[in-house]
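Going line by line, the protein sequences match chains A and B.
Offset between the first sequence (1-based) and the numbering used here: plus 7.
Offset between the second sequence (1-based) and the numbering used here: plus 190.
Just so you know, even glycine gets a beta-carbon here, dropped at the ideal spot from N, CA and C.
Since we're looking at a predicted model, the values are computed, not measured.
The structure appears right after this line, and notes come after that.
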Amino acid sequence: MTISTAPAPLKAEAPAAEAPPKGNRFGSWLIFVMGALYFLIPLAATFYWSLRAEKGRLGFEAYRRLFADAGFLTSFSESIVNAVAAIFLSLLIIVPTAYWVRLRMPKLRPVVEFITLLPFVIPAVVLVFGIIRLYSRPPLLLTATYDSSRVLLVCVYAAISFPYMFRSVDNGLRAIDVRTLTEAAQSLGANWFIIIREVIFPNLRVALLSGALLTFAIVLGELTIALFMAQHTLGPYMANLTRSKVYEPSAMAIVAFAITWAAMGMIAYISRERKRQ
Amino acid sequence: MSGGFLSLEGVHKEFGGVLAVEAFNLEVAKGEFVSFLGPSGCGKTTTLRMVAGFEQPSSGTIRLAGKDVTFAKPNERNIGMVFQSYALFPNMTVAGNIGFGMKIAKKPVAEIKARVGEMLKMIHMEGFGDRYPYQLSGGQQQRVALARALALSPQVLLLDEPLSALDAKIRVALRSEIRSIQRALGITTIYVTHDQEEALSISDRVVVMYQGRMEQVGAPFEIYNFPQTEFVASFVGTLNTVAGEVVDPAAQIVRIDGQLLQTSEDMSGMVPGQKVAIAIRPERLSFATDGVKPNVIDCQIESINFLGSIVRIQVRIGSLLFYMDTFNNPFLELPKVGDTTQVTCSKEAVLILRHATAGEQLAALDLAPSEAAPL
């Protein structure tokens with residue numbers, strides 16, 4: 008048997024990419040480093056401060072104290088439950104709305120988009136006073152008890168998530184051929200409920216997760232509305248902590264920051280996985 | 191009540207005052223394969239969507255197996271549909287897609303599995319059940335879409351330009367596959383296309399549509415050889431269409447640009463001097479040296495184009511330009527550009543387009559093969 012050796016393939020010469028001039032590259036790096044420092048220095052300072060709870064040495068004492076505080080765990084768990092409930096409520100309102108607008112009433116899209124943007128336009132203080140005035144008297148008395156106020160708070164959180172949720176869902180719907188998929192499902196005997204459950208929701212998974220995680224991050228640290236509605240969530244807890252403690256607020260800020268970044272990281276990871284598919 | 195398995199009676203559709211489909215009447219027999227053929231915007235897809243239930247007619251009735259389904263919901267019609275963009279559910283596997291309709295109909299899991307296997311075998315894609323749509327080629331995706339539409343044994347199969355997104359070779363292979371599956375299952379089928387070759391090659395009957403109207407309904411042979419309107423004549427195949435006038439109706443003689451032509455068309459009711467549209471298919475013209483037929487016309491060779499199996503020659507007859515097609519063979523002797531020669535055609539080849547619609551049709555479609563003044 009003869010073994011023929013194939014000539015080594017010639018190394019393809021890489022096309023001469025236009026490298027940016029050295030001066031330009033330095034400028035870009037300078038802007039990047041300055042931008043990074045602008046964000047990182049306060050963060051590093053906060054972190055450093057949170058490590059100084061023990062006299063004479065750096066450590067995680069502030070974090071230990073924070074997690075040992077029953078108030079923290081209560082407010083943290085309450086905020087998580089509120090965030091999850093707000094996400095579900097928001098999805099329940101936004102997904103069918105965005106779907107219907109895209110499918111049947113595309114002309115109404117700018118109107119719906121404007122409505123969903125209102126939480127950006129109306130300051131939180133104005134919003135919460137309006138809500139308190141509206142819901143603190145019959146027939147819509149919802150501020151009478153802590154639990155009913157909490158239900159109201161979840162509704163408000165759902166509303167303030169609309170700008171993020173609508174955009175995420177709308178982008179997700181744009182990425183799939185909603186009309187044809189709907190018609191295909193209809194021709195196979197599916198009704199609207201089945202279409203949304205079996206076809207639309209699963210194909211919007213990434214979009215829904217993006218919207219949900221953004222909502223989660225926002226609701227977790229929300230202060231103004233929760234404070235005025237006398238709710239014991241993470242925002243008011245942090246505000247109280249700032250008034251009474253020295254190092255714990257910094258530890259709290261770092262924890263909140265870590266949770267937010269974990270949520271963002273998860274969005275990026277899921278999006279990348281989806282793209283790879 | 192009408193006799194067709196699927197019947198459309200006086201179906202009319204307007205979108206905000208704009209006419210999309212006008213007075214559409216059609217009877218489709220059980221097991222028949224009917225194609226809607228026409229250019230974009232002619233109303234063929236709108237008509238199909240009305241049959242599917244995605245659009246509702248402004249007036250008229252649609253009956254399926256004797257039942258009035260004009261306003262029935264799409265999911266209550268038991269109609270299978272295949273879309274141009276495949277419309278496979280991206281979140282489901284091939285098996286999930288094919289079995290979707292049966293799952294909705296709450297069929298037992300074992301039955302769904304068996305049917306999915308049967309469908310995969312039918313489309314020659316056994317072993318692909320666990321793949322996702324993004325892992326398939328366009329042709330494979332469309333075959334899965336076809337299997338999905340057929341899995342529930344629908345009463346009617348609707349195909350909306352199913353091959354438009356595929357490349358030429360796959361298109362030809364898949365259209366034969368669609369036809370053989372349709373024949374094997376005996377399913378009543380409506381097929382929408384703008385590709386005349388596709389429509390002519392797979393249909394029992396073709397409905398040619400233009401501007402929301404049915405121009406002609408007939409077997410492919412009839413549509414091609416005996417077009418009833420100027421639009422059908424120009425849209426289906428290549429056609430030399432020129433303005434002419436009646437010379438002697440009794441002797442069946444017409445004139446184009448000074449040349450007299452004999453036709454076999456019935457000219458009763460016509461009067462000498464009457465303006466008419468004359469049409470001759472390029473393949474019906476031949477050089478007079480190949481054997482003289484009743485009509486011999488002096489001409490000059492303008493251009494010669496080699497198109498593979500045929501050679502298309504452009505000849506000038508007076509001030510008019512005509513196309514003439516001749517089969518290619520290695521021993522073909524062709525005149526040169528600029529040569530003066532004679533072409534001939536039988537009297538049956540000279541068509542008088544009776545139901546000629548507005549002359550702007552050809553110009554609007556930019557389909558006029560001849561530079562002769564189009565009607």
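Could you list which residues in chain A have their beta carbon closer than 8 Å to that of residue i, in chain order?
{"i": "residue 269 of chain B", "result": "194"}
{"i": "residue 295 of chain B", "result": "196"}
{"i": "residue 264 of chain B", "result": "190, 193 and 194"}
Go through its chain and collect everything with a Cβ distance to residue i's Cβ below 6 Å, but skip five positions before and after it.
{"i": "residue 130 of chain A", "result": "none"}
{"i": "residue 538 of chain B", "result": "454"}
{"i": "residue 179 of chain A", "result": "211 and 214"}
{"i": "residue 372 of chain B", "result": "223 and 379"}
{"i": "residue 360 of chain B", "result": "329"}
{"i": "residue 229 of chain A", "result": "242"}
Please list, in chain order, the chain B residues whose beta carbon lies closer than 8 Å to that of residue i.
{"i": "residue 184 of chain A", "result": "275 and 277"}
{"i": "residue 188 of chain A", "result": "277 and 279"}
{"i": "residue 201 of chain A", "result": "294"}
Taking residue i as the query, report the chain B residues whose CB atoms sit under 7 Å from its CB, ordered along the chain.
{"i": "residue 178 of chain A", "result": "Ordered by position in chain B, no residue passes the 7 Å Cβ test against residue 178 of chain A, which lies about 16 Å from the chain."}
{"i": "residue 209 of chain A", "result": "281"}
{"i": "residue 206 of chain A", "result": "279"}
With a CB to CB cut of under 8 Å and the five nearest residues on each side skipped, what residues in its chain are close to residue i?
{"i": "residue 258 of chain B", "result": "251 and 252"}
{"i": "residue 22 of chain A", "result": "Confidence in residue 22 of chain A is poor, its pLDDT being 47 and thus under 50, which makes the residue's placement unreliable; the coordinate value appears in the next sentence. Closer than 8 Å at the Cβ level, and outside the excluded window around residue 22 of chain A, lies no residue."}
{"i": "residue 207 of chain B", "result": "none"}
{"i": "residue 399 of chain B", "result": "226, 227, 228, 232, 233, 234, 237 and 405"}
{"i": "residue 249 of chain A", "result": "256"}
{"i": "residue 267 of chain A", "result": "224, 227 and 228"}
{"i": "residue 200 of chain B", "result": "213, 214, 215, 249, 250 and 251"}
{"i": "residue 16 of chain A", "result": "In this predicted model, residue 16 of chain A has a pLDDT of only 40, less than 50, meaning its place in the structure is not dependable; the value taken from the coordinates is given anyway. If we look at residue 16 of chain A and ignore the five residues flanking it on each side, it has no Cβ neighbours."}
Hey, residue i and residue j are a contact pair by Cβ (cut 8 Å); roughly how many whole angstroms apart?
{"i": "residue 258 of chain A", "j": "residue 57 of chain A", "result": "4 Å"}
{"i": "residue 254 of chain B", "j": "residue 295 of chain B", "result": "Contact flag wrong, Cβ pair sits at about 18 Å."}
{"i": "residue 273 of chain B", "j": "residue 350 of chain B", "result": "6 Å"}
{"i": "residue 469 of chain B", "j": "residue 431 of chain B", "result": "5 Å"}
{"i": "residue 234 of chain B", "j": "residue 228 of chain B", "result": "5 Å"}
{"i": "residue 269 of chain B", "j": "residue 346 of chain B", "result": "5 Å"}
{"i": "residue 390 of chain B", "j": "residue 410 of chain B", "result": "4 Å"}
{"i": "residue 339 of chain B", "j": "residue 271 of chain B", "result": "6 Å"}
{"i": "residue 424 of chain B", "j": "residue 439 of chain B", "result": "That belief does not hold up - the Cβ atoms of residue 424 of chain B and residue 439 of chain B are roughly 25 Å apart, past 8 Å."}
{"i": "residue 160 of chain A", "j": "residue 142 of chain A", "result": "Actually they do not touch by this definition, with Cβ atoms about 11 Å apart."}
{"i": "residue 139 of chain A", "j": "residue 235 of chain A", "result": "7 Å"}
{"i": "residue 436 of chain B", "j": "residue 463 of chain B", "result": "7 Å"}
{"i": "residue 201 of chain A", "j": "residue 189 of chain A", "result": "Contact flag wrong, Cβ pair sits at about 11 Å."}
{"i": "residue 102 of chain A", "j": "residue 176 of chain A", "result": "6 Å"}
Let me check one thing: in DSSP terms, what residues is residue i bridge-paired to?
{"i": "residue 331 of chain B", "result": "In DSSP, residue 331 of chain B forms no bridge with anything."}
{"i": "residue 162 of chain A", "result": "In DSSP, residue 162 of chain A forms no bridge with anything."}
{"i": "residue 504 of chain B", "result": "B/493 and B/513"}
{"i": "residue 120 of chain A", "result": "Paired residues: none, contrary to the question."}
{"i": "residue 225 of chain B", "result": "B/381 and B/396"}
{"i": "residue 214 of chain B", "result": "B/201"}
{"i": "residue 542 of chain B", "result": "B/468"}
{"i": "residue 195 of chain A", "result": "Bridge partners of residue 195 of chain A: none, in fact."}
{"i": "residue 31 of chain A", "result": "Bridge partners of residue 31 of chain A: none, in fact."}
{"i": "residue 488 of chain B", "result": "B/532"}
{"i": "residue 208 of chain B", "result": "B/205"}
{"i": "residue 196 of chain B", "result": "B/218 and B/254"}
Mind listing the chain A neighbours of residue i? Cutoff is C-beta to C-beta under 7 Å, in chain order.
{"i": "residue 291 of chain B", "result": "195 and 196"}
{"i": "residue 242 of chain B", "result": "194"}
So residue i contacts chain A; which residues on that side make the cut at Cβ distance below 9 Å?
{"i": "residue 425 of chain B", "result": "Here the premise fails: no neighbours, minimum Cβ distance about 27 Å."}
{"i": "residue 323 of chain B", "result": "Chain A residues near residue 323 of chain B: none, gap ~11 Å exceeds 9 Å."}
{"i": "residue 342 of chain B", "result": "195 and 196"}
Apart from the five residues on each side of it in sequence, which residues of its chain come closer than 7 Å, Cβ to Cβ, to residue i?
{"i": "residue 559 of chain B", "result": "Caution is warranted here: a pLDDT of 37 is assigned to residue 559 of chain B, below 50, making its placement in the model unreliable, and the coordinate value is therefore given only provisionally. The residues are 428, 429, 430 and 513."}
{"i": "residue 37 of chain A", "result": "none"}
{"i": "residue 355 of chain B", "result": "274, 275 and 328"}
Which chain B residues are close to residue i, counting only those with a beta carbon under 9 Å from its beta carbon?
{"i": "residue 77 of chain A", "result": "Those within 9 Å of residue 77 of chain A in chain B number zero; the least Cβ separation is about 43 Å."}
Alpha helix (DSSP H) runs wholly inside the segment 406–480 of chain B, at least 4 long, in chain order: Secondary structure in the segment 406–480 of chain B: the alpha helix (DSSP H) runs of 4 residues or longer, each lying completely within the stretch, are 410–415 and 420–425 in chain order.
Continuous beta strand (DSSP E) assignments of at least 3 residues falling wholly in the segment 331–416 of chain B: Restricted to the segment 331–416 of chain B, the beta strand (DSSP E) segments that are unbroken, complete and at least 3 residues in length are 346–350, 378–383, 395–400 and 403–408, listed in chain order.
Runs of alpha helix (DSSP H) wholly within the segment 231–296 of chain B (minimum 4 residues, chain order): Within the segment 231–296 of chain B, the complete alpha helix (DSSP H) runs of at least 4 residues are 234–242 and 284–294.
Start-end ranges of the alpha helix (DSSP H) lying completely within the segment 57–89 of chain A, minimum 4 residues: Positions of the alpha helix (DSSP H) runs, each at least 4 residues long and wholly inside the segment 57–89 of chain A, are given as 68–75 in order along the chain.
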